[in-house]
Structures are given as C-alpha cells and as structure tokens.
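Chains as they are written, first to last, in our numbering: chain Z, 166 to 659; chain C, 166 to 659. Glycine included, C-beta positions come from ideal geometry on N, C-alpha and C. Accompanying notes for the structure given below.
Protein chains: 2
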Amino acid sequence: MSTPTYDELASHWTRLHHFAHLQSIAGWDQAANMPPKGNEARAAAMAEMAALMHRMRTEPTLPDRLQRAEQEPLSDFQRANLREMRRVWRAANALPESLVQRRHLATSRCEHAWRTQRPANDWAGFLENFRPLLALAREEAALLAAQSGLSKYDALMDRFEPGMRSAQVDRVFGEVRQWLPGLIQRVTEKQAQEPVIRPQGPFPVAAQRALCEQVMRRLGFDFEAGRLDVSTHPFCGGVPEDVRMTTRYKEDDALPALMGVIHETGHGRYEQNLPREWLGLPIANARSMGLHESQSLSLEMQLGSHPGFAQQLSPLLMKHLGAQAAWEPENLHKLLTRVKPGFIRVDADEVTYPCHVILRYEIERPLIEGEIECEDIPALWNAKMQELLGISTEGNYTNGCMQDVHWPEGLIGYFPCYTLGAMYAAQWFATMRKEIPGLDAGIARGELQPVFDWLLAKVWSQGSRWETPELVQRASGEVLNPAHFQAHLRARYL
Amino acid sequence: MSTPTYDELASHWTRLHHFAHLQSIAGWDQAANMPPKGNEARAAAMAEMAALMHRMRTEPTLPDRLQRAEQEPLSDFQRANLREMRRVWRAANALPESLVQRRHLATSRCEHAWRTQRPANDWAGFLENFRPLLALAREEAALLAAQSGLSKYDALMDRFEPGMRSAQVDRVFGEVRQWLPGLIQRVTEKQAQEPVIRPQGPFPVAAQRALCEQVMRRLGFDFEAGRLDVSTHPFCGGVPEDVRMTTRYKEDDALPALMGVIHETGHGRYEQNLPREWLGLPIANARSMGLHESQSLSLEMQLGSHPGFAQQLSPLLMKHLGAQAAWEPENLHKLLTRVKPGFIRVDADEVTYPCHVILRYEIERPLIEGEIECEDIPALWNAKMQELLGISTEGNYTNGCMQDVHWPEGLIGYFPCYTLGAMYAAQWFATMRKEIPGLDAGIARGELQPVFDWLLAKVWSQGSRWETPELVQRASGEVLNPAHFQAHLRARYL
Numbered sequence: 166m167s168t169p170t171y172d173e174l175a176s177h178w179t180r181l182h183h184f185a186h187l188q189s190i191a192g193w194d195q196a197a198n199m200p201p202k203g204n205e206a207r208a209a210a211m212a213e214m215a216a217l218m219h220r221m222r223t224e225p226t227l228p229d230r231l232q233r234a235e236q237e238p239l240s241d242f243q244r245a246n247l248r249e250m251r252r253v254w255r256a257a258n259a260l261p262e263s264l265v266q267r268r269h270l271a272t273s274r275c276e277h278a279w280r281t282q283r284p285a286n287d288w289a290g291f292l293e294n295f296r297p298l299l300a301l302a303r304e305e306a307a308l309l310a311a312q313s314g315l316s317k318y319d320a321l322m323d324r325f326e327p328g329m330r331s332a333q334v335d336r337v338f339g340e341v342r343q344w345l346p347g348l349i350q351r352v353t354e355k356q357a358q359e360p361v362i363r364p365q366g367p368f369p370v371a372a373q374r375a376l377c378e379q380v381m382r383r384l385g386f387d388f389e390a391g392r393l394d395v396s397t398h399p400f401c402g403g404v405p406e407d408v409r410m411t412t413r414y415k416e417d418d419a420l421p422a423l424m425g426v427i428h429e430t431g432h433g434r435y436e437q438n439l440p441r442e443w444l445g446l447p448i449a450n451a452r453s454m455g456l457h458e459s460q461s462l463s464l465e466m467q468l469g470s471h472p473g474f475a476q477q478l479s480p481l482l483m484k485h486l487g488a489q490a491a492w493e494p495e496n497l498h499k500l501l502t503r504v505k506p507g508f509i510r511v512d513a514d515e516v517t518y519p520c521h522v523i524l525r526y527e528i529e530r531p532l533i534e535g536e537i538e539c540e541d542i543p544a545l546w547n548a549k550m551q552e553l554l555g556i557s558t559e560g561n562y563t564n565g566c567m568q569d570v571h572w573p574e575g576l577i578g579y580f581p582c583y584t585l586g587a588m589y590a591a592q593w594f595a596t597m598r599k600e601i602p603g604l605d606a607g608i609a610r611g612e613l614q615p616v617f618d619w620l621l622a623k624v625w626s627q628g629s630r631w632e633t634p635e636l637v638q639r640a641s642g643e644v645l646n647p648a649h650f651q652a653h654l655r656a657r658y659l
Numbered sequence: 166m167s168t169p170t171y172d173e174l175a176s177h178w179t180r181l182h183h184f185a186h187l188q189s190i191a192g193w194d195q196a197a198n199m200p201p202k203g204n205e206a207r208a209a210a211m212a213e214m215a216a217l218m219h220r221m222r223t224e225p226t227l228p229d230r231l232q233r234a235e236q237e238p239l240s241d242f243q244r245a246n247l248r249e250m251r252r253v254w255r256a257a258n259a260l261p262e263s264l265v266q267r268r269h270l271a272t273s274r275c276e277h278a279w280r281t282q283r284p285a286n287d288w289a290g291f292l293e294n295f296r297p298l299l300a301l302a303r304e305e306a307a308l309l310a311a312q313s314g315l316s317k318y319d320a321l322m323d324r325f326e327p328g329m330r331s332a333q334v335d336r337v338f339g340e341v342r343q344w345l346p347g348l349i350q351r352v353t354e355k356q357a358q359e360p361v362i363r364p365q366g367p368f369p370v371a372a373q374r375a376l377c378e379q380v381m382r383r384l385g386f387d388f389e390a391g392r393l394d395v396s397t398h399p400f401c402g403g404v405p406e407d408v409r410m411t412t413r414y415k416e417d418d419a420l421p422a423l424m425g426v427i428h429e430t431g432h433g434r435y436e437q438n439l440p441r442e443w444l445g446l447p448i449a450n451a452r453s454m455g456l457h458e459s460q461s462l463s464l465e466m467q468l469g470s471h472p473g474f475a476q477q478l479s480p481l482l483m484k485h486l487g488a489q490a491a492w493e494p495e496n497l498h499k500l501l502t503r504v505k506p507g508f509i510r511v512d513a514d515e516v517t518y519p520c521h522v523i524l525r526y527e528i529e530r531p532l533i534e535g536e537i538e539c540e541d542i543p544a545l546w547n548a549k550m551q552e553l554l555g556i557s558t559e560g561n562y563t564n565g566c567m568q569d570v571h572w573p574e575g576l577i578g579y580f581p582c583y584t585l586g587a588m589y590a591a592q593w594f595a596t597m598r599k600e601i602p603g604l605d606a607g608i609a610r611g612e613l614q615p616v617f618d619w620l621l622a623k624v625w626s627q628g629s630r631w632e633t634p635e636l637v638q639r640a641s642g643e644v645l646n647p648a649h650f651q652a653h654l655r656a657r658y659l
C-alpha cells in the first residue's frame, strides 16, 4: 500500500540516525581518547551537530507530515514508528529556543561550580546556582506537562521511561519502603556472623583487562562489533553495530572493574542485539533508561552475583589474577553480595541501592511539582537517610545531597530508572525461572544461552516497538511487580 | 569596515569546519579502532556527512555571495580567505552529481577488485575496471580544465598542489632525470664498500612504542593535543587541535616504526601549529599535499636521517631496545641512509624514491591528456624502471604498475607531491643553513628549536594564506629549485 509521507519521514529519521552515529562515536572518543587541548574544538563541533539534529527534529513541516502519515494505510509496525517519531518531535519542540539556551547556561554554570563546591561542602554556594536551575526545570516541566497532559514530574520522567507515571512509582516504591529497611537490618546482622576473606593484590591492569575480556566473551559480547577501553567514568556508548564500552582499573582491587564490565556488558548486549533489520528507524532504539538498566542489572546482579555464576567466575579469576582463597566460589559469592549501608549511591550494594533512589525520588518529585523548595532538601535528605539506612548526613552535603551529578546537570526524573531497572531484572529472572526448567543449576554449569535467548526474544529484539508497560506485560505476563525484586533479595540474602 | 557578505561566508565555512572535525575523528577511528562489523553503519554515516558537506559547498547562493563579497572592502587576509572559499566551491561544483556518483562506483569497484588482482598479478582483470575509471577521470579532468583554463592534468594536480603546473614539474623532474640515475650508481657502489651491522631483534612492541613517544616529544609533538595509535596503514589524521597519528610495529625490526613515526610527526607538527587564531576559516588549513610532505620529510629525511641526529637517536634506541653495536651513531646513520634500487615505491630510500615518482608522473600525465592509453602502461613502466633504476618489471604487475592504491582509487595528479615535498624540504634546510649559523652542529647537539622556529615562521603559521609557489618564494627567497635537493643528496651520500 502507498505510504509516501511515512516513507519520507522514515528517510528523514534515517538521516538523523546517521548523524547520531557520528555524534555517538565522537562522544565516546571524547571520554576514552581525546587529549585535553582537543576539548574546545570538539565541543564546538558537537554543538554544531546538536544544532543540526535539533533543526532536523523541529523541521517546520514535521507536524503536518506526521499528521498526514497517520492518515496513510500503515501497518502496526509503521504506526509504532510514527508514535516514536512523534515522541521525538514533541520532546524537541516542547521548549522554546530561548528556554533551551537559558537552561543550557544554567546547567553548565551549576555543574561546573558543583565540581569544586561538592568537595568544599559548600551547600550555600551550590544553592545560588541550583535555585535558578530549578526554576528553569519547573518551567520546562510545565511546558511539557501542558503539551502532554501529564503532571510536571511525569512529563520529565516520560523522557527517560516512556509510559511510566509517578502514581505507579509511588505505589511500587511505597511498597519497597515498607519492607526494605527491615530486610537490610536482617541481612547485615546475618552477614556480621559470616567471615569473608579479602583478596590480596596488587592486580596488574593487563591481567585485569584480559580477565574482563574473557568474561565479556563468556557473556556473549561480540568483539567483532564492539570494544572495551578505559575512561574515568565507565559507560557503554557507541552504536548498536559498534558498541564502545569503557571501564577503569584499580591495581589494589580487581572486583570493581570486573563487575563494572559485567554491568556495561548488559547494556552492550542490549545494543548489539537491537533489531538489526529496523536500524535507522526510531523503533530500532533501546526502549528506555529503565529497560537499559534492567539489562545491565540482569547481567551484573541477577547473573553476575548469582551463587552459581561464582563457580564460573572463580577459575577465571584464579587464571588471570593468580590463585588465592578469596577467589574460591563460596567466598567470591560472599564478596559480591556484601551488604553495607553507606552514604554514596554509586558505591551501594544491590540491597541498599533502592533506598538511595527512593530518597531522591521522594525529594525531586515534590521539588518539581512546587510542593517543596530547594532549601528543604538537606533536612529531607537527612531524615530519609536516617529512616531508610540509619545514617545521618546532617551538615554533610559532600556525601549527602550534593553527591550526584544529576541535579547539577538538570537531570530530573531519571533516578527512578535505576531501581525500576533492578525490579524489571528481578521480574525477568522470575519469569525465566518459570519458563526455563533448571535455570539456576544451568547457570552454575555455565549454561547461559537460555538466559540470553530469553532476553533477546523478550527485550533486545523488541527495540522501542512497545512503550515500557506493554513490553513488561508482554515479556512477563504482568505489569511491573516489585514482589519479584523482594523475593529475589530474600532468596539471595536471607 | 562593513563586510556582511564576507562575514556570512565565514560563518558558513566555520560550520563546514565543525562538521569536518567530526568527519576526521570518525575517519581516524575507522582506521585505528573500529571493529569489522561497524563498517557498514560507519560507511553510511560517513556518506551522509559527505553529502551534507557537499551540499554546503555547492549551496546555490554561494556563487552570488562570493561575487558580492569580492566587492566588499576586504583586507588582504580576507581576500585570501575568499580565494580559498572560491577554490573549495569550484572543486565541489566542477562535477555534475551524476558524474560524481559514476566515479564513486567506478573507483569502489576498481579498488575493491585491485586488492585481490594485485597479488594475483592479474593485469587483464585490472584493466577491465581501470579502463572505465580512466574514462571518467578524463571526463572529470576535462570539466575541471574547461572551468579553470588549465590543462587537464594541471586541473587535477591543482587540487593537491595549488598553483603547481606540469610545465614546472616537467622542468624540475627533467633536470633530476639527468643526474639521479648516475648518482644512484655512484652511491650504491660506494656503499657496497661500507660494512653495516644489522640490529638483532626481537624488539617488544611496548618498548618500541615508548621509544617512538620519546622521540615524538623530542621533536616537539604536543601530546596534550594529539595521540599515537596503531593502524594497518600509518597516517596522520585528526584535527589541528587533536592530531591523531598512527604507526605499526614489527617485532623483528624497530627502525620502520620509528622512522614512520618521525615522518608522521612532521605532518603532526604542521597541523598542531597551523594558525590557531584563524581556525575554522579556509586559510587556516595546511596549504597542500606537497607542503605537507615537505614537513614529514623535513623531519624524517633532513633531520631524522641527519648524521648529527643519529647521535641523538642512538642513546634512545639503546635505552628502550637494549644496547647493541648496530645502534652506535655511525652505524645507525648508515642503516638509515642505505640506498638500494627496488620495485616498491613505499619501501624506497630517499635517493631512489624520486625515480618511482618521476616514472608515475611521466605515465599519468599523458594518460590523462589522452596521449597514451592504459594498455601502454606496463611497457612504459618497464622501460622507465630499466632506465631510472636498472630494474625489469616485465610481466611483474604485482610489484610493477599495480603496486599503488592511488590509480585504482582514481587519485591522479597526486604522485608529484611526494617528490616536490622532498625538494621543498631540501630547499628549507638549504635556506636554514644560510640563516641559522652552526645549524648542523646544533642538530648533533640536539638543538632542534631553531629548525622548528624556522618551520613555524615560514610554513606552519602561514596556513593557506599563499598559493604554494608564493609560499616557497617567501620562505626561501626563490622558486622551487631542485639544485638544493641534488646538493643535499650529494653532500649526504657521496
């Protein structure tokens, strides 16, 4: 059937896809390779590309063409593409140019100053920049909300997790709040009775790198379509056809790099296995930040910290880093599942991590809705840290409410994705356990293919065909259900 | 004074410059990092970028704007920019879109098949693809010639060496032809009497890399604004603010990587020292391929193979690769100046190299002008190899007329730049010897700054402000004069 306008739009998006490729590779290069004096020219080039892509996403003819295409006799597949095109168009067009510029200036200023204000514990100085940034974030949220009919916070969150609403997050996080602090208490008491042998370094970087690469291969990463390099802040970048993962190595401790690499391999496999035949079309993209995190956590937490998987990791650690008692499977599993409440989100274990996220969500949502002001943050942070993790952050901004780069960067509505991802991952494995007989015994024997086949069928190959809630329903037969996450933690830690 | 149209054009070129940045970094990445499965997506992204840049260079309003800008009250500096803008516009607009596409197809096909035809010595097969490619190259040359009023070959060569004409090349190469074969004869006879100690490997790659990096630092390469990596075909890419050099290492021989790196460092320093305050404008670019080669050969041949410089290199080789008699300064200098006629241009020494270039020039010029046909190439090649180097290539296409990628890629008019570069380099050093007292003794003591200061003032900082002949005149007080090259070879080799 004839779909000329849809076809035109598809070509337009394919051009965007090609430019996004160069943008992504240059972005990876910036983090992994670029020498310092290259920064200014690169920033100018990247800004030029961002401006070009923004012009393409806000092309004045697009609303009319989107509308005309919607009248064409489209397949479901084409309709899904059109829905995603409209999402991209809507996000790009929501904000007037002047607001985009003011926002860019405010976040640059706030983030830049934060780098020195955080170590200086300078909350008052931070507020100077964060107050105007919050005003702009609220303005942005109001515009997005007016356009979408969502609440302000939901309008922000929808950019990271399409279809997710705070009503559902409230319900889910509210439940977790009920049982998680008690669980942490029980786990830490139990673990206090269990001695664990600490590994003895140093561990040469070359050996760690070889170990990481072998584990990546074991986890199915395709080195013909990707690389592992080094950067200060590990990430998974590049493009689906050429995934660029990074990590960082510490000579005195090998497990952070290894588990970081396993985490990024989850992101990497998702990207490497996005539907190749749709590449260039918007539904070929990974669905959302939460689903992306569900893949990294499926590999890092569900699989990588699985007691059976420690039997697979153990001989590899012995081989690359030398034999020692700490690498015996049982001890290794203990090392990988140690629970300890602490100040810092990024250092948190699987069990305490959701507390850090719930706390941030419970602050940033009312902050955007105008129910609280930024002056209220420290007291709320301290109260919630006490309540959830039994830790005081009074007067400690450095390791309290100033620890993350997200807010200084104006990234609000993103935090829930971390814990939603952990929950999706638990839900995937709960579903697999029903569908794949002997899953856990298989993992201990290194039979990982059934896991990858499941993820491929249910998540990777689906791209952005469905909004998140529908993908979750299709994959697991039910909506997001935090009971699976609870059951996972109980089974593993109690 | 008001120059609104010129200013608009300058902005347009700055945007082009930003896109060229991303294109260049992605191109380097393709050679140095990209895994094989990334190729197709990268090629599509690069083609999209090339198309965008082509559209910008052929924007329909440009001729009118260039003309209007020329009426504005411009400084000499602005006029030079306008001249270069017009050059870019002319080159991009010379060819109708359909010819560009046919040419692209023909070169892709010819180059791809050449990769297997060359090792198979399959001249007949090669001709099948090269014949139509040559027809298109002639068509292209005719269009460029009609537009510029130059001869066909000159119109092609002008893209690589602006202002250089075959009348001058004929004169210069004609002179060299008179004395070079005799000189080669005398040098090889002389060297046959001089024993040389061969270095004993293996030389670990990490040690070679450390050596290369130290030599690069010694030669003033700024690692805050560039990198050294590995690729199959060494090159110098990236952007002036972030120069990406590559090399390749062989464990059994350390000198090829080292001398290759010294060569690329010449390109790299040129790029790193282009006039920073003009960056983004067309005259901030390196002038030409010949001048670029004059910089790589200034460092590799004039400096790197200088007898005094061997005293500087010797302790570094001993330090990184272990002490051995081969690295003693006198022997090292012998190793670096060994002359031996051979089949392959890229393996040729400084003395025999021009024979390879003259031969190619004497074939490709009449080929484009329609004076000979591609069927004539092998016989001409063989005759000229006999004449210039005393070597027969009869029936040997692999190491004869099929050895270079240039013709299969449709690159015609480029070869002269190699030897013009060697001649410019000799002319620079002849000028320096007059202007800098004790230059050679200084080089032996490692005092290289006067050399770099001269190159900076006369070449690097001049960008594309002048066409090549004027730059040569300004730098050395005379036009290109092959007598300096001859004097250099005589002084060093006899």
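In the three-state reduction of the DSSP assignment, G192 (chain Z) falls in the helix class, which pools H, G and I. Residue contact with chain Z for R220 (chain C): absent (no Cβ-Cβ distance below 7 Å to any residue of chain Z).
Within chain Z, the residues placing a beta-carbon under 9 Å from that of M214 (chain C) are H183, F184 and L187, ordered along the chain.
Only exposed fits V644 (chain C), as fewer than 16 other CB atoms lie within 10 angstroms of its CB.
Distance from the Cα of E406 (chain Z) is smallest, within the candidate group Z:D418, Z:G445, Z:L501 and Z:P543, for Z:G445. Contact between T272 (chain C) and E574 (chain C) holds: their C-beta atoms lie close to 6 Å from each other, under 8 Å.
Restricted to the stretch 398 to 466 of chain Z, the beta strand (DSSP E) segments that are unbroken, complete and at least 3 residues in length are 401 to 404 and 407 to 412, listed in chain order. Between E406 (chain Z) and chain C, the shortest Cβ-Cβ separation is below 7 Å. Spatial neighbours of R283 (chain C) in its own chain (CB-CB distance under 6 Å, excluding positions within 5 residues in sequence) are listed in chain order as T563 and M567. Remark: three or more beta-carbon pairs, one from each stretch, lie closer than 8 Å, so the stretch 630 to 646 of chain C and the stretch 313 to 331 of chain C are flagged as touching. Closer than 9 Å at the C-beta level to chain C, one finds these residues of the stretch 387 to 404 of chain Z: D387, F388, E389, A390, G391, R392, D394, G403 and V404. Only exposed fits I509 (chain C), as fewer than 16 other CB atoms lie within 10 angstroms of its CB.
The stretch 281 to 327 of chain Z contains, as complete alpha helix (DSSP H) runs of 4+ residues, the segments 288 to 313 and 317 to 322 (chain order).
Flagged as an interface residue toward chain Z: I190 (chain C), by a C-beta distance shorter than 7 Å. Of the other Cβ atoms in all chains shown, fewer than 16 fall within 10 Å of the Cβ of L659 (chain Z); this residue is therefore exposed.
Non-local C-beta neighbours of I349 (chain Z) in its own chain, meaning closer than 8 Å and more than five positions away in sequence, comprise V504, P506, V516, T517, C520 and L554, ordered along the chain.
Within chain Z, the residues placing a beta-carbon under 7 Å from that of G203 (chain C) are A390, E406 and D407, ordered along the chain. Under the Cβ criterion (8 Å, minimum of three pairs), the stretch 413 to 429 of chain C does not count as touching the stretch 227 to 236 of chain C. Between the alpha carbons of L545 (chain Z) and W279 (chain Z) lies a distance of about 20 Å. Interface with chain Z (7 Å Cβ-Cβ cutoff): R351 (chain C) is excluded.
Counting only Cβ-Cβ distances below 7 Å, N198 (chain Z) has contacts in chain C at R392, in chain order. Between A259 (chain Z) and Q333 (chain Z), the C-beta spacing is not below 7 Å. In the three-state reduction of the DSSP assignment, V395 (chain C) falls in the strand class, which pools E and B. Sequence-distant Cβ neighbours of P472 (chain C) in its own chain, meaning closer than 7 Å and more than five residues away, are H498.
Between A302 (chain Z) and A310 (chain Z) a beta carbon distance of about 12 Å is seen, past the 8 Å cut, so the two are scored as non-contacting. If you look at W625 (chain C), you'll find it isn't in any alpha helix (DSSP H); DSSP assigns it neither H nor E.
The C-beta separation of T411 (chain C) from A196 (chain C) comes to about 7 Å, placing the pair in contact by the 8 Å criterion. For T584 (chain C), the three-state secondary structure derived from DSSP is helix. Under the 10 Å beta carbon count, R525 (chain C) is surrounded by 16 or more other beta carbons and is classified as buried. Considered as a whole, the stretch 477 to 520 of chain Z harbours 494 to 501 as its complete alpha helix (DSSP H) runs of no fewer than 4 residues, in chain order. Ranked by Cα distance from A488 (chain Z), the options Z:P364, Z:F400 and Z:Y414 are led by Z:P364.
Below 8 Å, enough C-beta pairs join the stretch 637 to 652 of chain Z and the stretch 585 to 604 of chain Z to call them touching: three or more.
Under the three-state reduction of DSSP, V644 (chain Z) is assigned to coil, being neither helix nor strand. Shown here, M199 (chain C) sits in coil according to DSSP, grouped into three states, outside any helix or strand. Residues of chain C whose Cβ lies closer than 9 Å to the Cβ of A372 (chain Z) do not exist, since the nearest Cβ in that chain is about 15 Å away.
Contact check between the stretch 333 to 343 of chain C and the stretch 474 to 488 of chain C: fewer than three CB pairs, one atom from each, fall below 8 Å, which does not count as touching.
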